[in-house]
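Scroll down for the structure; my scribbles are underneath it.
In mature numbering (1 follows the signal peptide of the UniProt record, and there is no 0), the protein residues as written are -19 to -1, 1 to 131.
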């Protein structure tokens, strides 16, 4: 009996750990390819060091978000303060931030992208910042952006 309980706890524990480990892409080229392959929009998180952690802690680190994101979006994190990023990547990230009209960090943009003749075209779906209310409210607002009622 004790052995079965330990095995069950082991599997539940590993499931919970897996549910909370999100696969954030940091390379936009890879993210676009995955997004197009999976036919899912990208959730692009624009962030930097020193910005409030509310969005990360109250939304992105929840099991609800892990399940929702796996089924609905390709996660992309663009850290505008990343000193390990190449100059071209940093420049690209700042251009994307400006193109999407991101003012305050952190902020999330939902977008699709297509590449034709080595030219990338983005189709912005909407933006969302942190709002108190928890993961379920944030996910509901995100769903209204991704699946608007016509």
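Backbone N, C-alpha and C fix where the C-beta goes; we use that ideal spot for every residue, glycine too.
Reduced DSSP secondary structure (H/G/I, E/B, other) of residue i
i           : result
residue 73  : helix
residue 127 : helix
residue 26  : strand
residue -4  : Here the model assigns residue -4 a pLDDT of 46, short of 50, so the residue's position is not dependable, and the following value carries that caveat. Helix.
residue 44  : helix
residue 122 : helix
residue 134 : Because the chain spans -19 through 131 in this model, residue 134 falls outside it and cannot be assessed.
Rounded C-alpha distance that separates residue i from residue j
i           : j           : result
residue 86  : residue 56  : 17 Å
residue 35  : residue 110 : 10 Å
residue 129 : residue 101 : 25 Å
residue 54  : residue 30  : 24 Å
residue 93  : residue 3   : 20 Å
residue 43  : residue 95  : 31 Å
residue 46  : residue 67  : 30 Å
residue 61  : residue 71  : 7 Å
residue 104 : residue 49  : 22 Å
residue 127 : residue 20  : 13 Å
residue 117 : residue 123 : 10 Å
Start-to-end residues for the alpha helix (DSSP H) that takes in residue i
i         : result
residue 9 : 9 to 19
Residue range of the unbroken beta strand (DSSP E) whose run includes residue i
i          : result
residue 57 : 55 to 60
Contact test: residue i Cβ vs the ligand GTP heavy atom, cutoff 6 Å
i          : result
residue 30 : In terms of ligand content, the structure shown is empty, and the ligand GTP therefore cannot be addressed.
Opposing strand residues paired with residue i [DSSP bridges]
i         : result
residue 6 : 57
Segments of 4+ residues assigned as alpha helix (DSSP H) that fall wholly inside the region 67 to 118: 68 to 80
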